[in-house]
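S.K.: Below are the structure tokens for one structure; questions will follow.
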Amino acid sequence: MSGMPGDDAAAQISQMPVFGENGLVPAIAQDARSGRVLMLAWMNEAAWRLTRDTGVMHFWSRSRGALWRKGETSGNELRVLSLRLDCDRDAVLALVEAAGPACHNGSETCFFDAASGGELATGASVLAELERTISARRAADAGASYTKSLLDGGAAKIGGKVVEEAAELVAELHRGDAAALTRESADLLFHMLVALASQHVSFGDVLGELARRAGTSGHVEKASRAKLP
19 MSGMPGDDAA AQISQMPVFG ENGLVPAIAQ DARSGRVLML AWMNEAAWRL TRDTGVMHFW
79 SRSRGALWRK GETSGNELRV LSLRLDCDRD AVLALVEAAG PACHNGSETC FFDAASGGEL
139 ATGASVLAEL ERTISARRAA DAGASYTKSL LDGGAAKIGG KVVEEAAELV AELHRGDAAA
199 LTRESADLLF HMLVALASQH VSFGDVLGEL ARRAGTSGHV EKASRAKLP
């Protein structure tokens, strides 16, 4: 199936989940980019096979007693990038790309902060929201949007700001002011995200590269890059 992994998860995917006495297994959908847990539903064997074969999340509705494809009426599909089973194979984790809000009430996720009733804010979700905002600024008026003015300025203007913010961060690093270091780090990260957006690169791509390097010595990584033509 297009988009399904063919590496370390292949052995897991080739196995069937262990379905419970009711013939179901819990399935968690997690946003592959932001890391947010979007929803939990149930799969029977038919839903599992349809999900694998189509690349779109399918579930078993316990209330209706029927199969359903996520987004079949709303259009808010969950496109599968990876399916994984836990160590006992009695739970499914799906890393997905969401075509719209995952929750039936229009929220991005079905999971909320119990105290406030609002969606949980995580570091990953803050970054994902900032990426969306930067992308939306492409259509803004450069006179009204600082982000738009950066994007219009191209590599020269964006690169200059990245260098400037990096220098300010280094200066605060030497001063040892934790609060100022935090602010300058936020400024640098913002401008780095604008730089990525200008080349249509996502922060998820950066995280994927870091995941690829996991367990590899930094010396080995630098040596391998030095050998590239």
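For the sequence shown, position 105 (counting from the first letter as 1) is numbered 123 according to the working numbering, and the numbering increases by one without interruption. Just so it is clear, CB atoms sit at the ideal spot from N, CA and C, and this is done for glycine as well. From a predicted model like this one, the values you see are computed outputs, not experimental measurements.
#1: Could you tell me whether the stretch 200-212 touches the stretch 144-158, where touching means 3 or more Cβ pairs closer than 8 Å?
#2: Could you check whether the stretch 91-98 touches the stretch 63-77, counting it as contact only if at least three pairs of C-beta atoms, one from each stretch, sit closer than 8 Å?
#3: Do Val-114 and Ala-65 count as a contact pair if the criterion is CB distance below 9 Å?
#4: Output the distance between the C-alpha atoms of Gly-177 and Gly-53, rounded to the nearest integer angstrom.
#5: Please list the terminal residues of the continuous beta strand (DSSP E) segment that includes Asp-49.
#6: Per DSSP, what are the beta-bridge partners of Val-114 in this structure?
#7: Once the 5 residues before and after Gln-33 are set aside, which same chain residues still bring their CB inside 8 Å of it?
#8: With Ser-92 as the anchor, note down where its alpha helix (DSSP H) starts and where it stops.
#9: Quick one: is the Cβ of Glu-190 within less than 8 Å of any heavy atom of the ligand ZN?
#10: Which value, in whole angstroms, describes the spacing of the CA atoms of Leu-191 and Glu-202?
#11: Specify whether the stretch 214-234 and the stretch 166-175 touch according to this definition: at least 3 beta carbon pairs, one from each stretch, less than 8 Å apart.
#12: What does a CB cutoff of less than 8 Å around Asn-94 pick up in its chain, not counting 5 residues either side in sequence?
#13: Can you grab the Cα-Cα spacing for the pair Thr-200 / Ser-92, in whole Å?
#14: Is Leu-61 helix, strand or coil by DSSP?
#15: Could you give the DSSP three-state label for Phe-77: helix, strand or coil?
#16: On the DSSP letters alone, give me the boundaries of the alpha helix (DSSP H) that Thr-127 sits inside.
#17: Between which residues of its own chain and Ala-50 is the CB-CB distance below 8 Å, once the five residues before and five after are set aside?
#18: On the three-state DSSP scale, how would you describe Val-55?
#19: Just verifying my parser: in three-state terms, what is the DSSP assignment at Ala-109?
M.R.: Looking at the atomic coordinates:
#1: yes
#2: yes
#3: To locate residue 65, count along the sequence shown from 1; it is residue 47. To locate residue 114, count along the sequence shown from 1; it is residue 96. Result no, Cβ atoms of Ala-65 and Val-114 do not sit closer than 9 Å.
#4: As a first step, residue 177 is located in the sequence shown; it is residue number 159 there, counting from the start. As a first step, residue 53 is located in the sequence shown; it is residue number 35 there, counting from the start. For Gly-177 and Gly-53, the distance between alpha carbons rounds to 28 Å.
#5: As a position in the sequence shown, residue 49 is number 31, starting the count at 1. 43-49 is the span of the beta strand (DSSP E), which, as asked, contains Asp-49.
#6: Working through the sequence shown from its first residue, we reach residue 114 at position 96. Looking at the DSSP assignment, Val-114 forms a beta bridge with Asp-49 and Val-98.
#7: Position 15 of the sequence shown, counted from the first residue, corresponds to residue 33. Within the same chain, Gln-33 has close Cβ partners Leu-103 and Arg-107.
#8: The sequence position of residue 92 within the sequence shown is 74, counting from 1. Careful: Ser-92 lies outside any alpha helix (DSSP H) and carries neither H nor E.
#9: No copy of the ligand ZN occurs in the structure displayed, which carries no ligand at all.
#10: Working through the sequence shown from its first residue, we reach residue 191 at position 173. Working through the sequence shown from its first residue, we reach residue 202 at position 184. Spanning the two alpha carbons is a distance of roughly 10 Å.
#11: yes
#12: Translated into positions along the sequence shown, residue 94 becomes position 76. The residues are Lys-88, Ala-116, Ala-117, Gly-118, Pro-119 and Ala-120.
#13: Translated into positions along the sequence shown, residue 200 becomes position 182. Translated into positions along the sequence shown, residue 92 becomes position 74. Straight-line Cα distance between these residues: approximately 41 Å.
#14: Here the question's residue 61 lines up with position 43 in the sequence shown. Position check: residue 61 holds Met in this sequence, whereas Leu was assumed. Three-state DSSP puts Met-61 in a strand.
#15: Looking up residue 77 in the sequence shown gives position 59. It is a strand residue.
#16: On the sequence shown, residue 127 is found 109 positions in, with the first residue counted as 1. No alpha helix (DSSP H) holds Thr-127; DSSP gives it neither H nor E.
#17: Translated into positions along the sequence shown, residue 50 becomes position 32. Cβ within range, chain order: Leu-99, Ser-100, Leu-113, Val-114, Glu-115 and Gly-222.
#18: Stepping through the sequence shown from its first residue, residue 55 is reached at position 37. Val-55 falls in the strand class under three-state DSSP.
#19: Locating residue 109 in the sequence shown gives position 91, where the first residue counts as 1. Correct three-state label for Ala-109: coil.
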